[in-house]
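S.K.: In this text, residue positions in the sequence shown follow my numbering: the first is 203, and each later residue adds one. Even glycine gets a Cβ: it sits at the ideal position worked out from N, Cα and C.
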Amino acid sequence: MERSVSTIIIFLLLLPISAHAEVMDKEPSLQFNFIWGIGGSIATLLCARYKPKFLPLITLLPLFYFYALWEEINDPHVGPQILREAGEFYIHSAYALGISVISCIPIGLLWFWWYKQHNKLI
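(1) Could you check which residue in A298, D277 and Q283 has the C-alpha nearest to that of F236?
(2) When the distance is taken between beta carbons, is L271 closer than 8 Å to A296?
(3) Could you pull out every residue in the same chain whose Cβ sits closer than 7 Å to the Cβ of V280, ignoring the five residues on either side in sequence?
(4) Which runs of the beta strand (DSSP E) spanning at least 3 residues fall entirely within the stretch 234–322, listed in chain order?
(5) Please look up how many angstroms separate the CB atoms of L247 and G310, rounded, as I've assumed it's under 8 Å.
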């Protein structure tokens, strides 16, 4: 009985050593980021062009996604591990895709305004 208790105690003490997981196992993949970035940009652009009143509703979901991703990248403990495991391209693409969603808002609104002005002249 004493031997089995000591074995269990040693096993429990060594358990955190064997439960090592990489940071990128818990982070979204690069392909998933591209799906969110391209899909969010297209949805934001088309919403700003055709239905600008729904723009806050459509834009919030991709922006919250990229905000959460940027928070993970800028975390002092997780960020360097993401850089080490995924590389610079992952981090640069996360920023670029989030900025593309944001930049589609004024582009779509300008497209909407131009189309409205152009149809007034005809």
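M.R.: With the given structure in hand:
(1) Along the sequence shown, read from residue 1 onward, the residue named residue 236 stands at position 34. The candidate whose alpha carbon is nearest that of F236 is A298.
(2) As a position in the sequence shown, residue 296 is number 94, starting the count at 1. As a position in the sequence shown, residue 271 is number 69, starting the count at 1. Going by C-beta atoms, A296 is nearer than 8 Å to L271.
(3) In the sequence shown, the residue the question calls residue 280 occupies position 78. Within the same chain, V280 has close Cβ partners V225 and E274.
(4) none
(5) Translated into positions along the sequence shown, residue 247 becomes position 45. Translated into positions along the sequence shown, residue 310 becomes position 108. That pair is a contact at about 4 Å.
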